Structure formats: C-alpha cells, structure tokens
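Note that the numbering used here has the sequence shown beginning at 203, numbered continuously upward. Note that CB positions come from ideal geometry on N, CA and C, so glycine has one too. What you are looking at is a predicted structure, and each value in this text was computed from that prediction instead of being measured. Have a look at the structure below, then the notes.
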Amino acid sequence: LVESLLERENLLFTVHYKADHPLIERIKKSFTVYVIDEKNRNSVAEEIVKTYARD
C-alpha cells in the first residue's frame, strides 16, 4: 500500500526523524523533508501550505 502511494503526487508524510527503516530512508531521499520543532512549527506549517497551494 505505501509503495503504491509513493508513486502519487502531492503527498504529505509524517515520519519520525530518527527512524531507521529502508522505506523511510527512501521517503527522505525522494521527498522534501521538513524538520519541525516547537520553535519553527508555525513558520514550517506556513511554508508547507504555500507549497501545496501552488500545486
């Protein structure tokens, strides 16, 4: 199921940043990764919305 989802466009995944699994590594290499923490979560959320609003 996840493999077939990777072929689609306009996806937003959430993964644990420190997770170590081949599928997660593939996602990290193939897609834009946003690292979100308490200090930047509002600005990153705005950036993500702008990115998806363009598509």
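For residue i, three-class secondary structure by DSSP
| i | result |
| --- | --- |
| Ala247 | helix |
| Arg210 | coil |
| Leu225 | helix |
Beta-carbon spacing of residue i, residue j below 8 Å
| i | j | result |
| --- | --- | --- |
| Val236 | Val246 | Contrary to the premise, residue 236 reads as Tyr rather than Val in this sequence. Cβ atoms of Tyr236 and Val246: closer than 8 Å. |
| Leu207 | Leu214 | no |
Rounded straight-line distance, which links the Cα of residue j to that of residue i
| i | j | result |
| --- | --- | --- |
| His218 | Ile238 | 10 Å |
| Asn242 | Ser232 | 23 Å |
| Glu240 | Ala221 | 19 Å |
| Asn250 | Leu203 | The residue you asked about is not Asn; residue 250 is Ile in the sequence shown. The alpha-carbon atoms of Ile250 and Leu203 are separated by roughly 24 Å. |
| Val229 | Arg256 | The identity of residue 229 in the sequence shown is Ile, whereas the question assumes Val. Spanning the two alpha carbons is a distance of roughly 21 Å. |
8 Å Cβ cutoff, residue i in contact with chain B
| i | result |
| --- | --- |
| Glu240 | Included in the structure is just one protein chain, with no chain B present. |
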